[in-house]
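Novice: This is the structure I have questions about; it appears just below.
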Amino acid sequence: MQTTLRFLRRGAPFLALAALLPALAGCPGVIELKGMNTAGPGPSTVPPILFEDFSRGVTGSYTYGPQGAGAWAKVSTDGNVYHTPPQSMRIDYDTGTGTYGPGFGFGSNYLPRLGFFDATGTRSVQLWAKAPRGLTFQLTVKEGTVNGGDGEFYNAPQATGTGFWHRYTFPYSEFTRNIYSGNQAGNDTFDVSCLVGMQIQLNQNAGAGTMWIDDIRFR
Ligand SMILES: [Ca+2]
59 MQTTLRFLRR GAPFLALAAL LPALAGCPGV IELKGMNTAG PGPSTVPPIL FEDFSRGVTG
119 SYTYGPQGAG AWAKVSTDGN VYHTPPQSMR IDYDTGTGTY GPGFGFGSNY LPRLGFFDAT
179 GTRSVQLWAK APRGLTFQLT VKEGTVNGGD GEFYNAPQAT GTGFWHRYTF PYSEFTRNIY
239 SGNQAGNDTF DVSCLVGMQI QLNQNAGAGT MWIDDIRFR
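Written out as structure tokens, the structure reads:
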């Protein structure tokens, strides 16, 4: 069975896979195949999909934070500090002293006409960020409610700033469902066939500063 699975991961032709499925049913470990349409194993099967590079500005942005804890965030574009020209998304912030830090959300200027990204076949979110060394932040990706999505939000693992532009890669397999926001009665599956927006949350008690985000892709 291990040999068969390795064979499948290397990208067996679809017909061969279909022929194997009846034989695989009931095999322990084959449940791995279940997620193939959303965030399956193996390398991406499609070209990278650009979510945002902020060259057209920031769209659909909002900020939030705990009340009365000195936490805030302000989103803008920056034509002086970027990973690729002409500009990046800049976030000035104070992380405050609340039970959580401030956050900000944003949409995409490249949202397909259908109103969502179908990232089927990709395996991760990749973004570039320049954040103060030691600043902890967490990316959330939002599902829409059509094409297989049911409005759940999924959190990437926490990431830490380096003080320099750094490429962060978050495999879908490491995302966990957000239990505070998004649909709480969904299918408990990260449906990358319908993605509509992103949000980033900063950890509290990390002072004030500025961070920049650029070049976000599903890949
Ligand atoms: Ca879902």
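Per this note's numbering, the sequence shown starts with residue 59, numbered consecutively. Ideal placement from N, C-alpha and C gives every residue a C-beta, glycine not left out.
1. Evaluate contact between the region 144-163 and the region 117-130, counting only Cβ atoms and requiring at least three cross-stretch pairs below 8 Å.
2. By Cβ distance, which residues of its chain are closer than 7 Å to Asp-111, with the 5 residues on each side in sequence left out?
3. Does the region 224-234 touch the region 158-176, meaning 3 or more C-beta pairs lie closer than 8 Å?
4. Going by the beta-carbon positions, is the gap between Phe-174 and Gly-202 smaller than 8 Å?
5. Less than 8 Å between the beta carbons of Gln-184 and Gln-259, yes or no?
6. Quick one: what's Val-183 bridged to in DSSP?
7. Within a Cβ cutoff of 8 Å, which residues of the same chain sit near Ala-187, ignoring the five residues on either side of it in sequence?
8. Terminal residues of the continuous beta strand (DSSP E) containing Tyr-122?
9. Is Val-116 buried or exposed, if buried means 16 or more other CB atoms sit within 10 Å of its CB?
10. If I'm right that Gly-206 touches Asp-249 with Cβ under 8 Å, what's the distance once you round it to whole angstroms?
11. Rounding to the nearest angstrom, what Cα-Cα distance links Val-168 and Arg-191 in this structure?
12. I'd like the list of long-range same chain contacts for Lys-200, defined as Cβ closer than 6 Å, with 5 residues on each side in sequence excluded.
13. When every heavy atom of ligand 1 is checked, does at least one fall within less than 7 Å of the C-beta of Thr-203?
Specialist: Put simply:
1. yes
2. Thr-142, Asp-272 and Asp-273
3. no
4. yes
5. no
6. Phe-228 and Phe-276
7. Phe-195, Ala-217, Gly-219, Trp-223, His-224, Tyr-226, Met-269, Trp-270, Ile-271 and Asp-272
8. 120-122
9. buried
10. 5 Å
11. Before going further, note that residue 168 is Tyr rather than Val in the sequence given. Rounded to the nearest angstrom, the two C-alpha atoms are 31 Å apart.
12. Phe-211, Val-254 and Gly-255
13. no
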